[in-house]
Structure formats: structure tokens, C-alpha cells
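Numbering (the working numbering), first residue to last: -14 to 697.
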């Protein structure tokens, strides 16, 4: 059985491969749905996930106030409208005027430099922004001394820019210096100290240092509540930041009341249509989506969108961000047509307002590519992934963590097409980047290890894959605790690998522990629990424990129908699993009912030419073969074969599986002369793409060798 690889909040990619029992793994803050899978001799379907755009957090990088000038006021208005290029022109004009009037090292010049740096940063012009911020810092250090609060502000702005570029090691000491200055000069309870604490904590959070970040967030919140009162807008921001940290750890029950309190404060103090209210609605919507509460999340997203469109205009980058989140929610529910239109609209907004090479454009490209990939539109998805990667390498440098994300995404697309030799170096490069940028024991590294492990497992390199899976599990247990949902995912991955090797006794306690973690942390009716139930059911089925397996499988189906609706692709996956289980018990009539319902759902959702539909047809053909309905089975097997050849080319491992399945059917009918060339072709594909020692190659060779030597 093939098991899903988790993805974590920073957005690295994960995979789900499907085999006998739809082993679909959970993960913290999932943003995509899984699809059904095929059985042992059938096609294996891989699904990848992309992260929706992250929650908006206030930068908290206070810029010193500037003298009011008409150009500056106009620039500020343009900046709020997302018209950064126009604002930049005015900021440069003001800068030139100030330099001419006051000289190049006046404090007013440093103020304008800070504002200009922020505009450059917003446009993704990081190298220019850094020079500007450093010049502003140098002016302030010279004019007011190295310990002045204005210097702390410049340090804060520079650190924020470095963090955006993934230069965490450079950013941290700068944030700490800014904090120290503010504590010394303004006192430990000053609101700007809370700002510095929030910024430093956010940096630690991005590095997965949750234990270090939490006390800083809590201290910032305490300062804001003490100094400004319990319902000030700054308190709302600190509540939002702390809730974000808890959400990243999947502590949803703790995060939700904080988000709701933040929203309440903002509505009360700022009005119901303020941009910060839109942000709170967006954040709460994402939390609800993470918990599978889709019907509650959608109206919050749409209200956030309405506010932003009204206040900022329909072409603002913040509008694009909300469109991405709504699209992600729709995608999770399998509403691909609606999701695609929103993703494309978000992409156009970002390209128009930020330019075609801005990092935010790459997020839109990745999201759209992921949606296309999920629909089996690989040819359309690949150039989007490659464009995203090229932009990130150009704008952020070749060793940025976002480059690692793009490498993972592209590798996943190549992997699903069995282009393993192309995919592996991309996965390995992503791993190296994450290890260098985040450290050897960051959750992002665990994700990269999982992705590479899955690729190796797909190629039958079980020993190498196991070492990576175990290292990934150790990292997650150390960094997130033994009862985190991502630990459950990692346990499922390792258990699936053990199951693939027939090590059922070792796999079962891991599957059961994963189920227990998900039930405890997410609730007994969460869709991730359904995935764990299916994984365990698959293992029990493999051991012939059909009664127990059926109980788990049916419970998973009930959860999915309740949480996702009767026509969701995950429901179809569960129906497929149940059909396979019933077939194994000889309950052909009931198995066929569920198998055909699964096919109907997927054809309605994906169309007649999609990998998951091919999987349904394949499994239905297997069922018909078991009932000796050979003519009907033959038609379906040939339809599946034709689809795979069209979709993946004539030398894909799934083509080999289809050839083998059709050959097996012909052999059962004594049509040995027709079966023999199909076996030979399947074996040739296997040896070329997977190697002679791969389990699939070995199985197909045994089937071929079992064919009567003297053909009639």
C-alpha cells in the first residue's frame, strides 16, 4: 500500500500514492483533497498538494513618521492601493528633493529611505531595498547614535527584509539588537518592545522553533494588554500572532478563541469593514478550513473578499490573496472549475500590480499548477511550475526555501509521470536547501525527507526509503511532540513502507498509533481520521482480517460522507476501497454497486479521461473478471490501457500494469497467444523504467513465466 507524505505549513509539497485501500494521510493544515487509488496490479495514482497563500500578518516593522509632504501623502495613498510602482516614483522624487534641501545624511532623508525601502520590498526588489534600508540605518546611527529608537526601527525593517529573503541567520541577531535597544531606551513594557517581540517570535516560528517563539508572543500580548487595554487593535494583532503559532502546531482548540477575540476587537474598535477585520476573517476562515469545517470557512473568506474589494479595489494584491484562499477551499471540495477561475484571476492581479517576476506571482503559479495537476493536466501544469521556479531562483537566489518548494512541486509532477531520474535530483536539491536554510532538524527537512523517501519507495528502494522515513519521524517527534498530527502522518508513511515489504506485524502498531493521534488531536469525525481508518483497514485486508477491516472502512465512509458530502472524490475513494474489500470476500454484487458509484462520482467530477477514473475502471474490470464476466472486463481494461498510453506515453509503469492486467484476463480465457506479447511488452517497460529488481518487475516476470511454454 502506498502512503501519503505530509506537507507542512511552510508549503513544501507532499504526495499521496494510491493502492489497495486509499491510504491517504493526514497533515496539519491540509489544503487539498486526496483521490482514490488502485489495487495491487493496477495503476498507482499520485496526488500532490500545494499550500494556499499564507495568513496575512502585519509586518510590525514600524517606519518612523515623516514630515507631511504632498508627494509623500500621494505615495502613501498609492501604496495602500497596491500601486507600488507609482508610489515609488513619488518617493524617489521626494527623496531627491530632501537630499537637495537638507543634504544626503539628514534624518528626514532616512525616513524617506525607509519608506522607499518598503515600497521596493513590496515589489520584490529585495537587493535594491536592502541597499536603501542599510543606507537609512547608517544615517541614523551617525546622526543619533547606535542605541537610539530610530536605529531600532531601521534594524527592524532590515531584519524583516532579510527574513523575507529566507536569510534567517542574518535576520535574527538584527531583530535581537532592535529588541535590546528598545528595552533599554524605552523600557521593557513599551508597545514597540511588544512589536520587536512579535517580529522575533515570528522569525523563530518560521524556523519551526515553536517553543522559543511562544513565550515571546505571550509576553508581547501581555505588554499590549497592560499598556493599551485588553481591547486595543495592537492586542488584536498579538492575539492573531499567538493564534497563528498555535495553529501551526495544530492546536486548533486553543487558536480558535484567540482568532475570534481578535476579530471581535477589530470589529468593535475599527468597524466591520476595516482591512484588519478582513485579515481576521481570512485567518479564522483558514483555521476552520484546516479543521475540515468548510461550510463555516467559506462565508468568512467571502466576507473578507468583499471588504477588500470595497476598500482596496478589485485589483489589489490583498484581494488576490483572498481569492487564492477561496480557490483553495473550493479545490478541497473538488469544485475545480470555480477554483480555477479564482486562481487565474489572482494570478492576473498579481502580475498586473506586482509585475510578472514578483515572488507573489510564483505562489499564484504554483497554486494554479497544483490544481491542473490534480485534474491530470500535466502538460499544462509543468510550464507553470518551471516558470515559478525560474522566478524564485532569479529573485530570491538559488538557495531560498521557496526555491525548495518549487523544486519539490516540479519533482512531484515528474514523479507522477514516472520520470524518476529527473525527479530525484530535484528532491535532493530541495533537501539540501532546507537543511542549509533551516537546520538539520526542521519540519521542512522532514517533509523533504518524506518526499524523497516516497520516490525511493516508488522505485522499490525500500532500505533507502526507510532510513529517510525514520529520520523524518524522529525530527517531527522532537520538534512537534509525539502527538502532533504530522507525527501521525510520518507514522503512516513508515507503516505503509513496512506493509509494502510484507512486514505486517511491524506496520500495524504504527497505523494504530497514527489513528489514535488523529482522533485525539483532530476529533473522531475529522477527515484525517477517515484517512487513518482507511490505512489501517488496508493493512487488515492484506492480512485477511476482513471483518475488522470492513468496520474501519465503513466508519471512514460515514465520516467522509458527513463531512464532505456524498459526491466528494474522497467519498469515491472510500467506496472504491470498500468495493475492493467486498470483492476480496466474494461479495461481488455489493462490491459492484459501490464500485460503480465511485466511478460515477469521479466521472462527474473529473470527466471521463482522468487518472482516478482510469483507476475506477481498472478496479471495476477486476471485479468483473472475478465474476467471470470476461467480455465486459476486456472492454474496460483496454479503455484503461488506451488512456494511460495517451496520458503518460507508451513506456510508463502504469501502462505496464494495464498490459499485465489485460494479459492476465486473456490467460484466464486460455488466449495465451494474445497474452504473451502483452506480458513481454509490460516486462520490457518495467525493466526500462523501474529496473529488474523492482517489485512490480518481479511480479510481472512471474506472471509471464507462468504462461504455458507451448502456446496453442
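Beta carbons are placed, not taken as given, at the ideal position from N, Cα and C, and that holds for glycine. As the structure is a computational prediction, the values presented were derived from the model and not from experiment.
**Request:** Might you give, ordered along the chain, the residues of its own chain that have their beta carbon closer than 8 Å to the beta carbon of residue 161, omitting 5 neighbours on each side?
**Result:** 185
**Neighbourhood of residue 575 by C-beta distance below 6 Å, restricted to the same chain and skipping five residues each side** = 567
**Prompt:** Out of curiosity, what's the CA-to-CA distance linking residue 626 and residue 556?
**Reply:** Residue 556 has its alpha-carbon roughly 25 Å from the corresponding atom of residue 626.
**Asked** Contact check, residue 522 vs residue 537 under 8 Å by CB: the rounded distance?
**Response** With a contact defined as Cβ atoms closer than 8 Å, residue 522 and residue 537 qualify at about 4 Å.
**Request:** Can you have a look at residue 309 and say buried or exposed, based on whether 16 or more other CB atoms are within 10 angstroms of its CB?
**Result:** When all chains shown are included, residue 309 counts as buried.
**Collapsed DSSP secondary structure at residue 690 in the structure displayed** = helix
**Request:** Apply the 10 Å Cβ neighbour rule to residue 690 and answer buried if 16 or more other Cβ atoms are within range, or exposed otherwise.
**Result:** exposed
**Asked** Which of the three DSSP states, helix, strand or coil, is assigned to residue 68?
**Response** coil
**Prompt:** By DSSP, does residue 303 sit in helix, in strand, or in coil?
**Reply:** If DSSP states are grouped into helix, strand and coil, residue 303 belongs with the helices.
**Item:** Unbroken stretches of the alpha helix (DSSP H), 4 residues or longer, contained in the region 148 to 226
**Value:** If we require 4 residues or more, the alpha helix (DSSP H) runs fully inside the region 148 to 226 come out as 153 to 171, 176 to 191, 195 to 213.
**Asked** If you draw a straight line from the C-alpha of residue 349 to the C-alpha of residue 368, how long is it?
**Response** One C-alpha to the other measures close to 13 Å.
**Cβ neighbours of residue 376 in the same chain (closer than 6 Å, five flanking residues each side left out)** = 342, 347
**Asked** Count the other CB atoms within 10 Å of the CB of residue 130; is the residue buried (16 or more) or exposed (fewer)?
**Response** exposed
**Prompt:** Is it right to say residue 345 is buried, meaning 16 or more other beta carbons lie within 10 angstroms of its own, or is it exposed?
**Reply:** buried
**Request:** In the DSSP assignment, find the unbroken alpha helix (DSSP H) run with residue 561 in it and report its ends.
**Result:** 554 to 569
**Request:** Could you spell out where the alpha helix (DSSP H) holding residue 538 opens and where it closes?
**Result:** 531 to 549
**Request:** Please go through the same chain and pick out, in chain order, the residues whose beta-carbon is closer than 7 Å to the beta-carbon of residue 287, but skip the five residues on each side of it.
**Result:** 311
**Message:** Distance check for residue 664 and residue 685, CA to CA, integer angstroms please.
**Reply:** Rounded to the nearest angstrom, the two C-alpha atoms are 7 Å apart.
**Message:** Quick check: what's the CA-CA separation for residue 54 versus residue 82?
**Reply:** Low per-residue confidence applies at residue 54: pLDDT is 45, beneath 50, and the placement is therefore not dependable enough to give any value.
**Message:** What does the alpha-carbon distance come out to for the pair residue 653 and residue 317?
**Reply:** The alpha-carbon atoms of residue 653 and residue 317 are separated by roughly 41 Å.
**Message:** If you measure between the beta carbons of residue 535 and residue 500, is that distance less than 9 Å?
**Reply:** In this structure, residue 500 does not lie closer than 9 Å to residue 535 by Cβ.
**Prompt:** Does the Cβ of residue 173 have 16 or more other Cβ atoms within 10 Å, making it buried, or fewer, making it exposed?
**Reply:** exposed
**Prompt:** Just how far apart, CA to CA, sit residue 290 and residue 620?
**Reply:** 49 Å
**Message:** Taking 9 Å as the threshold (C-beta atoms), are residue 370 and residue 704 in contact?
**Reply:** Since the first residue of the chain shown is -14 and the last is 697, residue 704 is not available in this structure.
**Message:** Out of 543, 504, 453, 136, which one is the CA nearest neighbour of residue 171?
**Reply:** Nearest of 543, 504, 453, 136 to residue 171, Cα basis: 136.
**Item:** Backbone CA spacing between residue 20 and residue 554 [nearest angstrom]
**Value:** Residue placement at residue 20 is flagged as unreliable, the pLDDT there being 29, under the threshold of 50; the coordinate-derived value follows with that caveat. Between the alpha carbons of residue 20 and residue 554 lies a gap of roughly 6 Å.
**Request:** Reducing DSSP to helix, strand and coil, say where residue 612 ends up.
**Result:** Look at residue 612 here: in three-state DSSP terms it is coil, with no helix or strand label.
**Item:** CB-CB length for residue 465 against residue 471, believed under 8 Å
**Value:** 6 Å
**Asked** Quick one: what does DSSP say residue 469 is sitting in, helix, strand or coil?
**Response** coil
**Identity of the residue in 204, 302, 196 nearest residue 181 by Cα** = Distances from the CA of residue 181 to each of 204, 302, 196 were compared; the closest alpha carbon is that of 204.
**Request:** Note down, in chain order, each residue of its chain lying with its Cβ closer than 7 Å to the Cβ of residue 679, except the 5 sequence neighbours on either side.
**Result:** 444, 445, 671
**Message:** Taking only three categories from DSSP, how would you classify residue 656?
**Reply:** coil
**Message:** Does the contact criterion of 3 or more C-beta pairs under 8 Å hold for the region 91 to 104 versus the region 322 to 331?
**Reply:** no
**Asked** Would you call the region 272 to 285 and the region 295 to 308 touching, i.e. three or more CB-CB distances under 8 Å?
**Response** no
**Message:** Can you list, in chain order, the residues of its chain with a C-beta nearer than 6 Å to that of residue 102? Leave out the 5 residues immediately preceding and following it.
**Reply:** 114, 117, 118
**residue 323 - containing alpha helix (DSSP H), residue span** = 321 to 339
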